[in-house]
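Notes follow the structure.
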Amino acid sequence: MSDGISFYDQVFEIVKKIPPKRVSTYGRIACLLGTPRAARAVGYALNSLKKDFYQDVPWQRVINSKGQISFKGDVFRANLQRKMLETEGIVFTKDDKIELSVYGWP
DNA sequence: ATCGTGACGAACG
DNA sequence: CCGTTCGCCACGA
């Protein structure tokens with residue numbers, strides 16, 4: 171699995187596999203990497219993404235287990251994320267949530 | 001090598 | 001249902 175490939179890179183590769191109009195969660199990705207309790211680390215990895223990388227990694231398709239966008243003070247990024255998802259065609263419920271049973275991946 | 005940290009999450013009360 | 005607490009991991013100073 172990890173041949174010198176950092177945890178971060180493994181996260182990015184998984185995220186790249188999320189199809190358009192679908193979303194995954196930090197915890198889900200952690201499970202796919204074999205570390206079910208590394209959800210926090212997954213978020214940390216995405217946080218390290220730079221602007222230039224944004225077009226290569228669909229970071230916007232990763233949300234929390236509640237089906238909501240996670241933002242801790244960074245309202246700017248959160249708004250951008252929501253807009254990008256809506257552009258893909260994803261519909262948010264009245265309480266700003268995404269139905270994981272519909273858009274969830276895998 | 002040790003410590004603090006954070007786009008998380010499940011368990012509590 | 002909601003806020004709080006505690007555990008978990010990888011990373012960088």
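Numbering (the numbering used here) for the first sequence: 171 to 276. We put the beta carbon where it would ideally sit given N, CA and C, even for glycine.
Output the distance between the C-alpha atoms of residue i and residue j, rounded to the nearest integer angstrom.
i	j	result
Lys-264	Gly-174	44 Å
Gln-230	Gln-251	5 Å
Lys-267	Asn-234	10 Å
Phe-177	Ile-199	11 Å
Phe-262	Lys-236	13 Å
Asp-226	Lys-220	10 Å
Gly-197	Lys-253	23 Å
Looking at the structure shown, is residue i part of a helix, part of a strand, or coil, going by DSSP?
i	result
Gly-274	strand
Task: beta strand (DSSP E) runs wholly inside the segment 184-268, at least 3 long, in chain order - done: Counting only runs of at least 3 residues, the segment 184-268 fully encloses no beta strand (DSSP E) element at all.
Open item on the list: If contact is defined by three or more beta carbon pairs under 8 Å, each pair taking one atom from either stretch, is the segment 200-207 in contact with the segment 238-247?
Closed with: Put simply, the segment 238-247 does not touch the segment 200-207. Fewer than three CB pairs are less than 8 Å apart.
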